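Presented below is the structure to which this report refers.
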Amino acid sequence: MAYQLSFFCRSGESRSDEALDRLLDHLLESGHRLVGEYVGPFEDSVAVFRLGTGSSDSDRPVADLLTLDVRVGVAEIAESVIAASPDDEQGIWGCDLLATITLSGDNPDWALVHRIWAAMESLWEAVPWDESSGFEIAARTPQH
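Here is the structure:
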């Protein structure tokens with residue numbers, strides 16, 4: 058079963074591939090080596106990367122790869138924003154970037170999830186959300 062963790066942001070980014078590159082650059086500067094591949098920019102507003110923490114002695118990931126999906130544009134993410142916060146109690150209306158981490162497999166890369174979380178908050182003051190905890194997830198880091 059897959060677990061998804063989303064981040065609502067005000068980024069000012071105009072293209073998803075540029076936002077994803079900025080995030081990946083930040084991650085590369087702040088921790089262990091990464092391995093992965095672009096799944097694609099599907100259009101200017103959607104970019105996806107499969108990603109994992111690399112081992113120190115090979116090109117193999119130390120855990121299962123996760124998927125990082127980045128969408129930009131107020132209109133592109135409006136339905137997700139309204140579904141998560143229909144009354145705007147969290148102040149996320151007007152967000153222009155939605156990043157979603159999808160974990161699956163037997164050995165999730167929780168250390169990388171925490172790195173991405175910290176990077177999202179540093180770059181764009183992200184507001185985390187997941188389906189089981191909603192915005193309460195911000196009070197703690199994800200548990201496995």
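Numbering of the sequence shown is given in the numbering used here, commencing with residue 58 and proceeding in unit increments. Glycine included, C-beta positions come from ideal geometry on N, C-alpha and C. Computed from a prediction, not measured in an experiment: that's the story for all the values here.
Contact check, residue i vs residue j, beta carbons under 7 Å
i       : j       : result
Ala-104 : Leu-154 : no
Ala-141 : Trp-186 : yes
Gly-109 : Val-92  : yes
Leu-125 : Phe-99  : no
Ala-176 : Leu-80  : yes
Residue from the options whose Cα sits closest to the Cα of residue i
i       : options                              : result
Arg-128 : Gly-162, Gly-111 and Arg-67          : Arg-67
Leu-123 : Ala-183, His-171, Glu-133 and Arg-72 : His-171
Inter-residue CB distance, residue i and residue j (contact presumed, cutoff 8 Å)
i       : j       : result
Gly-151 : Val-131 : 6 Å
Own chain partners of residue i with C-beta closer than 6 Å, once the 5 adjacent residues on each side are dropped
i       : result
Ala-195 : Pro-185
Spatial neighbours of residue i in its chain, beta-carbon cut-off 7 Å, leaving aside the 5 residues before and after
i       : result
Gln-200 : Low confidence applies here, because Gln-200 scores a pLDDT of 41, under 50, leaving its location unreliable and the question unanswered by this model.
Ala-59  : Thr-159, Leu-160 and Ser-161
Ser-73  : Pro-98, Asp-101, Ser-102, Val-103, Ala-104, Val-127, Arg-128 and Val-129
Range of the contiguous alpha helix (DSSP H) that encloses residue i
i       : result
Arg-128 : Run containing Arg-128: none in the alpha helix (DSSP H); it sits in the beta strand (DSSP E), 123-129.
First and last residue of the uninterrupted beta strand (DSSP E) at residue i
i       : result
Ser-63  : 60-66
Trp-174 : Premise fails: Trp-174 lies in the alpha helix (DSSP H), 167-181, not in any beta strand (DSSP E).
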